[in-house]
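This report concerns only the one structure given below.
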Amino acid sequence: MNPDMNTRLDKLLDQVEKPARYVGEEVGAISKAHTPDMGTMAFCFPDTYEIAMSHLGMKVLYDIVNRAPHLLCERVCMPWVDMADLLRQENLPLFSLETRTPLDQFQVVGFTLQYEMSYTNILEMLDLGHIPVKCSDRAEDAPIVIAGGPCAFNPEPLAAFVDAFVIGDGESATPQVMELVREKRAQHASRADILWALAQLPGVYVPLFYETAYHEDGTLASFTPTRPDVPARVRKRVEIDLDNAPFPESMVVPYAETVHDRIVLEIMRGCTRGCRFCQAGMLYRPVRERSVDKLMDLAEKLVAATGYDEISLSSLSSGDYSCLQELVTRLMERFKDQRVGLSLPSMRLDSLIKQTLEETSEVRKSGLTLAPEAGTQRLRDVINKGVTEQDLHNAVSDAFQSGWSSVKLYFMLGLPTETDEDLLAIGDLAKQVEDAYYAVPKGQRAPGLRITASASTFVPKPFTPFQWAAQDTLPEIGRKQAVLRSALKRKSTAFNWHEPELSFLEACFARGDRRLGDVLYAAWQRGCRLDGWQQHFKYVEWMAAFNDCGQDPAFYANRERSRDELLPWDFIDAGVTKRFLLRELDNALQGIVTPDCRQGCQGCGLTAFPGVCEQ
């Protein structure tokens, strides 16, 4: 950015809320010179700085790319509405935090897709960065727009806006994509040639080379490559050896408060439990662990580099990490004198957590979060949760005896086969938690019991056994929320719920096809942005956008799919087979629990991936 633009930008910082979002120059930030031989990427997070800087994936890829001598990665976050409007008013481009380089000056512009309701932010950021929003409108020298993350496993709603999608783990794929683009740009290759070369990389999907057709009833009739030299199916990328996969030894320390101000250590990736609603549990298979020695080494370096006083042990199910007790004991012994605490998100109710709770509480106590998901054992068996009321009782009793007084309970509302009896049972579980607290003698328990019960609306997701299920209609979701609100009306219990309209749209885009690209574009033109923030969510405008495009949102959210329907994401090989998912759907409807695959292979299909599963 030239000096004049820099001066103009500095003046804007006095006019916006939280200017620290846009300043950069934090401890740990990496700034490299933009030289002609450099491959450059803007890592774009389609939400605000506070959320972006809490995301581990951005920290990992930022570190990996910047380690390479001929590559650089800089961060770009979705600006708040005040800054976005000022940038347009002053005709200033959206810029990177490290060097204030305009977005359209990077070779690669990459987005992480964590949440469907951030899609309008992608369009907004491209437009603010002076990049044509639609792929078809981009000039030869425009950046190559890529995207990855869990939502990339159904890329079709974004096919008109993203040039290439990276499916699966990104540690090796991202620098490989960047090196290819750098080399092709140096050879003055055409944009079409660059995209064709990207389509040859394992795990990379380029929508330009595929076409769709639809039946009269609106369902997908065909999905076919337009040329013979691109793959008919795209297989996800998998990092097999986490111990040798790159992980940052330093992290950017924000000046502003973020959602998670702490060190995050990914102790394992994947989950073997097989919860039937959980997309992450299917997409991130197989389970891969980092060794205790490796994690201790990383913790040592990250504490020294960042000064953080909390380490979060991150995974989909931390209690399943095979060496959890050893790791917790060693971390506490090493960092207790420095007053560095530990937090353990994603602990299952049936984990052996009593000793872990006692050890992690020696420095400080954070709130305990548990996820029963459903109120009755019948429904927990339907979703393959595999935990019991006794597990909940044991977990909270251990916590209260160890000095905890704050418990968060997470549930889902609208799960397949759910009845009002299942909802009312959630109130019974909250009462049991309260009883467990008061069962601890008054002189031994911590004061101030706080129970927070949160109920999110079930959203059917691709590559899960419930990908064929219908989401409840909005009136039914509202009715069920009222039932649950009444069941949880207790002095010690607070009830939180998600806006059903937001979950309705999430379901549309989670299972959407290419036609939803028109709806997304129309909604953005109507002013929709920052949809995940309640104060900016414009449901009326979204419904108008669907109407403008002649699309029915209920077709996507509230319709049960037939088992032989061609699904928009069927061309992606995520490891788990359709045969396995259908078998799991049948087991769900019969209330049959499928064992953890660590107890024996359940035939999900991942053995077709060389080296990922032990036989």
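With our numbering applied, the sequence shown has no gaps in its numbers, which climb one by one up to 2022 at the end.
The C-beta atom is built at its ideal place from N, Cα and C for all residues, glycine as well.
Source: prediction; values computed, not measured.
DSSP three-state label for residue i, please.
i        : result
Asn-1409 : coil
Phe-2016 : coil
Ala-1832 : helix
Thr-1736 : helix
Asn-1903 : strand
Ile-1551 : strand
Tyr-1522 : coil
Ser-1729 : coil
Lys-1815 : strand
Ala-1400 : Only positions 1408 to 2022 of the chain appear in the structure, and residue 1400 is not among them; the question remains open.
Arg-1634 : coil
Phe-1572 : strand
Pro-2039 : With the chain covering 1408 to 2022 only, the question about residue 2039 has no answer from this structure.
Gly-1464 : helix
Pro-1779 : strand
Met-1448 : strand
Glu-1908 : helix
Ser-1861 : strand
Ser-1579 : coil
Ala-1706 : helix
Cys-1956 : coil
Glu-1424 : coil
Asp-1454 : coil
Phe-1873 : coil
Tyr-1662 : coil
Could you tell me if residue i is buried or exposed, where buried requires 16 or more neighbouring beta carbons within 10 angstroms of its beta carbon?
i        : result
Asp-1417 : exposed
Gln-1607 : exposed
Leu-1759 : Reliability of the predicted coordinates at Leu-1759 is poor, the pLDDT of 48 falling under 50, and the value obtained from them is presented with this limitation in mind. The residue is exposed, with fewer than 16 neighbouring Cβ atoms inside 10 Å.
Lys-1591 : buried
Asp-1444 : exposed
Tyr-1728 : buried
Ser-1809 : buried
Gly-1855 : exposed
Arg-1495 : exposed
Gly-1714 : exposed
Pro-1453 : buried
Glu-1991 : buried
Pro-1869 : buried
Trp-1940 : exposed
Since residue i and residue j should fall inside the 8 Å C-beta cutoff, what is the C-beta to C-beta distance between them, to a whole number of angstroms?
i        : j        : result
Gly-1446 : Arg-1589 : 3 Å
Arg-1970 : Leu-1989 : 6 Å
Ile-1647 : Arg-1695 : 7 Å
Ile-1674 : Ser-1724 : Not quite, the Cβ-Cβ distance comes to about 10 Å (not below 8 Å), so this is no contact.
Thr-1455 : Met-1485 : 6 Å
Phe-1987 : Gly-2010 : 6 Å
Phe-1916 : Tyr-1526 : 6 Å
Phe-1513 : Pro-1550 : 5 Å
Ala-1781 : Met-1819 : 7 Å
Tyr-1662 : Ala-1427 : 5 Å
Thr-2001 : Gly-1688 : Rounded, the Cβ-Cβ distance is 12 Å, inconsistent with contact.
Considering only the beta carbon of each residue, do residue i and residue j sit closer than 8 Å?
i        : j        : result
Leu-1615 : Cys-1558 : no
Glu-1841 : Arg-1892 : no
Leu-1816 : Ile-1884 : no
Gly-1919 : Pro-1635 : no
Cys-1685 : Thr-1871 : yes
Leu-1786 : Asp-1829 : yes
Arg-1642 : Pro-1609 : yes
Val-1515 : Ile-1574 : no
Val-1803 : Ala-1843 : yes
Pro-1582 : Leu-1463 : no
Leu-1822 : Leu-1799 : no
Thr-1626 : Glu-1618 : no
Ser-1503 : Val-1483 : yes
Met-1703 : Met-1585 : no
Thr-1736 : Val-1789 : no
Gln-1521 : Gly-1555 : no
Leu-1499 : Met-1412 : yes
Glu-1656 : Leu-1705 : yes
Does the CB of residue i have a neighbour CB from chain B at under 8 Å?
i        : result
Asp-1444 : Given the protein chain composition of this structure (a single chain), no chain B is represented.
Task: Stretch pair the region 1577-1584 + the region 1465-1475: three plus CB contacts closer than 8 Å - done: yes
Open item on the list: Whether or not the region 1870-1881 and the region 1832-1848 are in contact is what I'm after, with contact meaning three or more pairs of Cβ atoms, one per stretch, closer than 8 Å; do they touch?
Closed with: Contact between the region 1832-1848 and the region 1870-1881 is absent, with fewer than three C-beta pairs closer than 8 Å.
Open item on the list: Assess contact between the region 1746-1753 and the region 1795-1802, defined as three or more Cβ pairs (one per stretch) separated by less than 8 Å. Is contact present?
Closed with: no
Open item on the list: Does the region 1951-1964 come into contact with the region 1495-1513, if we say contact requires no fewer than three beta-carbon pairs (one atom in each stretch) closer than 8 Å?
Closed with: Too few Cβ pairs lie closer than 8 Å, so no.
- [ ] Mind the definition here: the region 1639-1658 touches the region 1946-1957 only if three or more C-beta pairs lie below 8 Å; say whether that holds.
- [x] By the Cβ rule, the region 1639-1658 does not count as touching the region 1946-1957, because fewer than three pairs are nearer than 8 Å.
Open item on the list: Within 8 Å, do at least three Cβ pairs link the region 1566-1575 to the region 1489-1498?
Closed with: no
Open item on the list: For the region 1847-1854 against the region 1909-1918, do three or more pairs of beta-carbon atoms, one drawn from each stretch, fall closer than 8 Å, so that the two count as touching?
Closed with: no
Task: the region 1973-1986 in contact with the region 1936-1943 per 3-pair CB rule at 8 Å - done: no
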